[in-house]
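A.B. asks:
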Amino acid sequence: MFADRVLSGMRPTGSLHLGHYHGVLKNWVEMQHQYECLFFVADWHALTTHYDSPEIIEQNMWDMVIDWLAAGVDPAQATLFIQSRVPEHAELNLLLSMITPLGWLERVPTYKDQQEKLTSKDLTTYGFLGYPLLMSADILIYRATKVPVGEDQIPHLEFTRELARRFNHMYGREPGFEEKALAAVKKLGGKKGKLYAELRTRYQEQGDDEALESAKALLDEQQNLSHGDRERLFGFLEGGGKMILSEPEAMLTVASKMPGLDGQKMSKSYNNTITLREDEESVGKKIRTMPTDPARVRRTDPGNPEHCPVWQLHQVYSSEETRKWSWQGCTTAGIGCIECKQPVIAAVLDEQRPMRERAQLYLDDPTLVKNIIADGCEKARKLAQETMREVREAMGLSYS
Ligand code: TRP
Ligand code: SF4
Numbered sequence: 053m054f055a056d057r058v059l060s061g062m063r064p065t066g067s068l069h070l071g072h073y074h075g076v077l078k079n080w081v082e083m084q085h086q087y088e089c090l091f092f093v094a095d096w097h098a099l100t101t102h103y104d105s106p107e108i109i110e111q112n113m114w115d116m117v118i119d120w121l122a123a124g125v126d127p128a129q130a131t132l133f134i135q136s137r138v139p140e141h142a143e144l145n146l147l148l149s150m151i152t153p154l155g156w157l158e159r160v161p162t163y164k165d166q167q168e169k170l171t172s173k174d175l176t177t178y179g180f181l182g183y184p185l186l187m188s189a190d191i192l193i194y195r196a197t198k199v200p201v202g203e204d205q206i207p208h209l210e211f212t213r214e215l216a217r218r219f220n221h222m223y224g225r226e227p228g229f230e231e232k233a234l235a236a237v238k239k240l241g242g243k244k245g246k247l248y249a250e251l252r253t254r255y256q257e258q259g260d261d262e263a264l265e266s267a268k269a270l271l272d273e274q275q276n277l278s279h280g281d282r283e284r285l286f287g288f289l290e291g292g293g294k295m296i297l298s299e300p301e302a303m304l305t306v307a308s309k310m311p312g313l314d315g316q317k318m319s320k321s322y323n324n325t326i327t328l329r330e331d332e333e334s335v336g337k338k339i340r341t342m343p344t345d346p347a348r349v350r351r352t353d354p355g356n357p358e359h360c361p362v363w364q365l366h367q368v369y370s371s372e373e374t375r376k377w378s379w380q381g382c383t384t385a386g387i388g389c390i391e392c393k394q395p396v397i398a399a400v401l402d403e404q405r406p407m408r409e410r411a412q413l414y415l416d417d418p419t420l421v422k423n424i425i426a427d428g429c430e431k432a433r434k435l436a437q438e439t440m441r442e443v444r445e446a447m448g449l450s451y452s
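Residue numbers (our numbering): 53 to 452.
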């Protein structure tokens, strides 16, 4: 149905706020119409850093799923599931660990960075070192072709691609690949077969790219090769074989420029957030008490919007007309700050209203959410099991 399969996960470590909505969730909602999408709660990933406070994960988990649904993620279009309910991820993680060089993990930048940043936690654990590997298992088990992630996750995607390549290189040969490839060389006929073999050797032993191109051209000219033999001969040239795991492509989610209540980026750690479904009164109060241009001490002092975090919210939420009104009013002391904040409050509440309404449905009947997740887990598991059958077979574990 869809050529591309999108997979993304989110760690349930805190409540979602408007920064998540503008940065990630809006994007998910758009993608669900264009691609086959799988979205999951990365609860095991949350444990890699929050192993000492698992209660946080449980609390946040269902809230997070409700936030997704509230934001418009549609379970009729996208598959929603929980990582730990698809234990095949752990099996693939284990099997991939056999071929993962330690150095690859140690070199992933987040490993050292996070250890230095999160000093209150001991992250010198096996689980934390393995974070990118577990993420690779998440991705590769669904043969996802596109993975929307933030900038900080790009090295993990690169790691995943390299691991897929290594796996395919080691295990991607169908049983008897070599023999079948050699038989196909014979079928090319004496002269052409000999030329193919020479070109292949030149490429493999001397890295001669021209030889590779000539060999490919030679294959392109052959009209009476079967499809299978053609693929084998192409694979044989580069030493490859069957592609069991496919290399995913990162879709960079442009970092949300969503400003928080203090003008810094909205983030739980800056304590400057408005949560996705925060109640109306609290939203009003937070915005009304936001700091403004510090130079505007009295109502009669003109201000400079460039020095005001409220102005940044106008950039996200206001029409050109409203922005003009605010700029004019501020710089001429024509309006007061409370007045200037009103349209922002109204716009945030308008944005949240449908989310609050959708969420209410699920809060009133939690079994709806449980059922959505149960369905999603079942679907995801089927896909994961298919891949695992091939992986086990490739690694010599399909005893009968
Ligand atoms: N590491 C991701 C993050 O912190 C979450 C995640 C886990 C993920 N597994 C994934 C994202 C697989 C995409 C695909 O944002
Ligand atoms: Fe900020 Fe608006 Fe007050 Fe100017 S009038 S300082 S832009 S809140």
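Ideal Cβ positions, reconstructed from N, Cα and C, are used throughout, including at glycine.
(1) Can you give me the start and stop residues for the beta strand (DSSP E) that G61 sits inside?
(2) Is D190 near ligand 1, in the sense that its beta carbon is under 7 Å from a heavy atom of that ligand?
(3) Would you check whether ligand 1 has a heavy atom nearer than 7 Å to the C-beta of A436?
(4) In whole angstroms, what separates the C-alpha of E438 from that of N323?
(5) Under 7 Å: does the beta carbon of M342 sit that close to some heavy atom of ligand 1?
(6) State buried or exposed for P343, treating a residue as buried only when at least 16 other CB atoms are found within 10 Å of its CB.
(7) Using 8 Å as the threshold, is the segment 73-83 in touch with the segment 101-111, meaning 3 or more CB pairs across them?
(8) Counting only the same chain and skipping the five closest in sequence on each side, list residues whose C-beta sits under 7 Å from that of K173.
(9) So, under 8 Å CB-CB, E299 and R433 are touching, yes? Tell me the CB distance rounded to an integer number of Å.
(10) When every heavy atom of ligand 2 is checked, does at least one fall within less than 7 Å of the C-beta of I387?
(11) Short of 6 Å in beta carbon distance, which residues of its chain neighbour Y472, apart from the five on each side in sequence? Order them along the chain.
(12) Do you know whose CA, among I296, G75, L157, A446, lies nearest S319's CA?
(13) Given 8 Å as the limit, is there contact between the segment 200-217 and the segment 274-289, that is, 3 or more CB pairs closer than that?
(14) Please determine, among C429, S266, L70, the residue with the shortest C-alpha to C-alpha distance to T325.
(15) Since I believe P357 is in contact with C389 (beta carbons under 8 Å), could you give me their beta-carbon distance rounded to a whole number of angstroms?
(16) Compute the minimum distance between the beta carbon of W377 and the heavy atoms of ligand 2, and state whether it is under 7 Å.
C.D. replies: Short version:
(1) Per DSSP, the continuous beta strand (DSSP E) segment holding G61 begins and ends at 57-62.
(2) Result yes, Cβ under 7 Å from ligand 1.
(3) The answer is no for A436.
(4) So the alpha carbons of these two residues sit roughly 44 Å apart.
(5) Distance from the C-beta of M342 to the nearest heavy atom of ligand 1 is not below 7 Å.
(6) A residue is called buried when at least 16 other Cβ atoms come within 10 angstroms of its Cβ; P343 does not meet this threshold and is exposed.
(7) Between the segment 73-83 and the segment 101-111 there are fewer than three C-beta pairs closer than 8 Å, too few to call the two in contact.
(8) Taken in chain order, the residues that qualify are T101.
(9) With a Cβ gap of about 23 Å, E299 and R433 do not count as contacting.
(10) Yes, the Cβ of I387 comes within 7 Å of a heavy atom of ligand 2.
(11) With the chain running from 53 to 452 in the structure shown, residue 472 is simply not present.
(12) From the listed residues I296, G75, L157, A446, the smallest Cα separation to S319 is found for G75.
(13) Touching, no.
(14) When the alpha-carbon of T325 is set against those of C429, S266, L70, the nearest one is in L70.
(15) In this structure C389 is not in contact with P357, their Cβ atoms being roughly 11 Å apart against a cut-off of 8 Å.
(16) Every heavy atom of ligand 2 is 7 Å or more from the Cβ of W377, so no.
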